[in-house]
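Enquirer: Heads up: the sequence shown begins at 1294 in the numbering used here, then just goes up one per residue.
Take this structure, written in structure tokens, and hold onto it; I'll ask about it next.
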Amino acid sequence: MTTYEKTKRELLEEIRSKREEKKQAKLRAARRRRTAVLVTLISVVVVTFGAVYGVSAKEITITQIDEFSGTNETKTVRTLSNNVEDALEKHGVDISETDRLNVPAEKVIDDNDDIIVKRGKRVTIKAGDCECVVTVTKVNVRDALVEAGYIPGEHDVISANGDTLAEGDTIELVSVSHTDEIITEPIARGVEYVDDPNLLEGTERVVDEGQDGIKEVAHKVTYKDGEEAAREAVSENVIVEARNKVIARGTAVPTPEPKTIFTAKPRRTDDGGTINGYSYSKKITMTATAYSTAPEENGGSTCSALGSPLDYGIVAVDPSVVPLGSRVYVTSADGSWTYGVASAEDTGGAIKGNKIDLCYPDGSHGFGKRSCVVYVLN
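As structure tokens, this is what we get:
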């Protein structure tokens, strides 16, 4: 190859190389122009979007209160969300069934809205016959009751697991009230004993039945859940004084049983005279028997024919011989035994003619039949 041909090829190579460099330079310039246009376009879009977001976004405040954990957090955010629930979700605030919102979850977001989320717990409330599960956001027991619609009274009793609540705790509320009541009550009569020398020792006779008194007693009554739980007497006022029942007790020593058998003497009467200091109008010889106050011995009755309670000093007679209601004095003809002063108030189917039946409260004790003299006293 000649020197000339070599030089020619080198020149051609140089020309092609320069042409390629110019071409690459044009391509690089075109890419730079496209890049500049793209960057400009992106900047315009970003600025435009930012302007639109700035106009459309709303600024809201979200506060989360959890009394159970003792936390209270507040943050201010901008959001394009249409409602409260969506805004909370997009800003990482989860809402459970036990939580409470200060506004409805579906509320449309407004600029400068304050959204408050209170964390709640489920607890059981027992009040009276009611037992229900409720959701509360208050950790204090009394505050939780008020939040659930139960207003404790001044004297109500609240029972729980301490003063603060946890999930699943139970609160018991017992309604307590007090009232004043005035009740009329009887005052029991007492019993008073007096000695009576006209009654045999070991026997008794009611002199005065007495009377129960009456008093008004003021009570303070405590009710729990409507049921009476306690009653306290605080004062009393006597309306009628009680009067004691008076019972006479005999002090007379019984006359010993006669050691001889008396034969009946001819019956006779006389008028006028006195016996043991008592004046009498008639004196009658009779046959005496004895009976007790037991109802089974008196046809089921405990009273005389004239209505007086059977007791020592009541005697049964034949009204055709001794008028009912008469006062009599009964003694033996020889003075070996004496019944004393009595009232002829009773009758009997076997007491006919000159017969007299003497009442002994503690029984006849083998009295049998005895001859006696009956004095009808003036």
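We put the beta carbon where it would ideally sit given N, CA and C, even for glycine.
1. Fully enclosed by the segment 1565 to 1615, which beta strand (DSSP E) runs are 3 residues long or longer?
2. For the alpha helix (DSSP H) that contains K1648, what are its first and last residues?
3. When you compare each of T1544, A1637 and Y1622 to C1665 by their alpha carbons, which one comes out closest?
4. Take T1391 and list the residues in its own chain whose beta-carbon comes closer than 7 Å to its own, dropping the five residues that flank it on each side.
5. Let's see if you can read the secondary structure: which residues bound the beta strand (DSSP E) around A1526?
6. Measure from the alpha carbon of G1618 to the alpha carbon of each residue in A1535, V1634, L1599 and G1606, then state which is nearest.
7. Whose C-beta lies closer than 7 Å to the C-beta of A1522 among residues of the same chain, with five residues either side of it excluded?
8. What are the start and end residues of each continuous alpha helix (DSSP H) run of 4 or more residues lying completely inside the segment 1415 to 1477, in chain order?
9. Leaving out five residues on either side along the sequence, give the residues of the same chain with a beta carbon under 6 Å from the beta carbon of T1496.
10. Quick one: what's got a C-beta closer than 8 Å to S1470's C-beta in the same chain, skipping five residues either side?
11. Specify the secondary structure class of I1644 as computed by DSSP and reduced to three states.
12. When you compare the CB positions of K1648 and D1611, do they come within less than 8 Å of one another, or not?
13. Going by DSSP, what residue range makes up the beta strand (DSSP E) through D1489?
14. Quick one: residues in its chain with C-beta nearer than 7 Å to the C-beta of A1534, no 5 flanking neighbours on either side, listed in chain order?
15. Work out the CA separation of S1574 and E1638 for me, nearest whole Å.
16. CB-CB under 6 Å to S1601, same chain, minus the five flanking residues each way: which ones, in chain order?
17. Report, in whole angstroms, the separation of the C-beta atoms of G1503 and K1538, which I expect to be a contact under 8 Å.
18. I1540 and Y1486 - do their beta-carbons sit closer together than 8 Å?
19. Keeping to the same chain, check which residues put their C-beta closer than 6 Å to that of T1472; ignore five residues upstream and five downstream.
20. Buried or exposed: where does R1663 fall if 16 or more other Cβ atoms within 10 Å of its Cβ makes it buried?
21. What would DSSP say about A1481, mapped onto helix, strand or coil?
22. Along the chain, where does the beta strand (DSSP E) that runs through V1386 open and close?
23. So, are the CB atoms of D1501 and T1582 less than 8 Å apart?
24. Are the CB atoms of V1450 and V1467 nearer to each other than 8 Å?
25. Which of the three DSSP states, helix, strand or coil, is assigned to I1308?
26. If we ignore side chains and look at the alpha-carbon of each, how far apart do R1325 and E1307 end up?
27. Within its chain, find whatever has a CB closer than 6 Å to the CB of N1530; leave out the 5 residues flanking it on each side and keep chain order.
28. Expressed to the nearest angstrom, what Euclidean distance is found between the alpha-carbon atoms of A1526 and P1479?
29. From the beta carbon of A1541, is the nearest beta carbon of chain D less than 8 Å away?
30. Which of helix, strand or coil does DSSP assign to L1670?
31. For the beta strand (DSSP E) that contains G1503, what are its first and last residues?
32. Following the continuous beta strand (DSSP E) through A1635, name the residue where it begins and the one where it ends.
33. Could you give the distance in angstroms between the alpha-carbon of I1353 and the alpha-carbon of D1359?
34. For D1489 and S1629, what's the separation of their Cα atoms in angstroms?
35. Which word fits L1320, buried or exposed, when buried means at least 16 other C-beta atoms lie within 10 angstroms of its C-beta?
Expert: In brief:
1. If we require 3 residues or more, the beta strand (DSSP E) runs fully inside the segment 1565 to 1615 come out as 1571 to 1584 and 1607 to 1609.
2. Per DSSP, K1648 belongs to no alpha helix (DSSP H); it is in the beta strand (DSSP E), K1648 to C1652.
3. When each option's Cα is compared against that of C1665, the closest is Y1622.
4. Contacts found: G1413, K1414, R1415 and T1428.
5. Element bounds for A1526: E1520 to V1533.
6. In this structure, L1599 is the residue among A1535, V1634, L1599 and G1606 with its C-alpha nearest to the C-alpha of G1618.
7. For A1522, where only same-chain residues beyond five positions count, the Cβ hits under 7 Å are T1515 and Y1516.
8. Segments of the alpha helix (DSSP H) lying fully in the segment 1415 to 1477: 1434 to 1440.
9. The beta carbon of T1496 sits closer than 6 Å to the beta carbons of G1543, Y1605 and P1654 from its chain, once the five residues preceding and following it are set aside; these are given in chain order.
10. Within the same chain, S1470 has close Cβ partners G1446, H1448, T1515 and Y1516.
11. Residue state, collapsed to three classes: coil.
12. Taking a C-beta distance under 8 Å as the contact criterion, K1648 and D1611 qualify as a contact pair.
13. That run of the beta strand (DSSP E) goes V1484 to L1493.
14. The question names Ala, but residue 1534 is Glu in the sequence shown. When the five nearest sequence neighbours on each side are left out, the beta carbons in the same chain lying within less than 7 Å of the beta carbon of E1534 are those of G1506, in order along the chain.
15. C-alpha separation (whole angstroms): 18 Å.
16. The residues are E1638.
17. About 4 Å separates the beta carbons of G1503 and K1538, which is inside the 8 Å limit, making them a contact pair.
18. Taking 8 Å as the Cβ cut-off, Y1486 and I1540 qualify as a contacting pair.
19. Cβ neighbours of T1472 within its own chain (closer than 6 Å, five residues either side excluded): V1514.
20. Flag for R1663 reads buried.
21. Three-state result, A1481: coil.
22. Element bounds for V1386: n/a, residue is neither H nor E.
23. No, the Cβ-Cβ distance between D1501 and T1582 is not below 8 Å.
24. Yes. Within cutoff.
25. In the structure shown, I1308 sits in a helix (DSSP, three-state: H, G or I).
26. When only Cα atoms are considered, R1325 and E1307 end up about 27 Å apart.
27. Exclusion of the five residues before and after N1530 leaves E1509 as the residues of its chain whose Cβ lies within less than 6 Å of its Cβ.
28. Rounded to whole angstroms, A1526 and P1479 show a C-alpha spacing of 15 Å.
29. Checking the listed chains, one finds no chain D in this structure; it contains a single protein chain.
30. Shown here, L1670 sits in a strand according to DSSP, grouped into three states.
31. Here G1503 belongs to no beta strand (DSSP E), and DSSP marks it neither H nor E.
32. Note, A1635: beta strand (DSSP E), T1631 to D1639.
33. Near 20 Å, if we compare the C-alpha coordinates of D1359 and I1353.
34. S1629 has its alpha-carbon roughly 21 Å from the corresponding atom of D1489.
35. L1320 comes out exposed.
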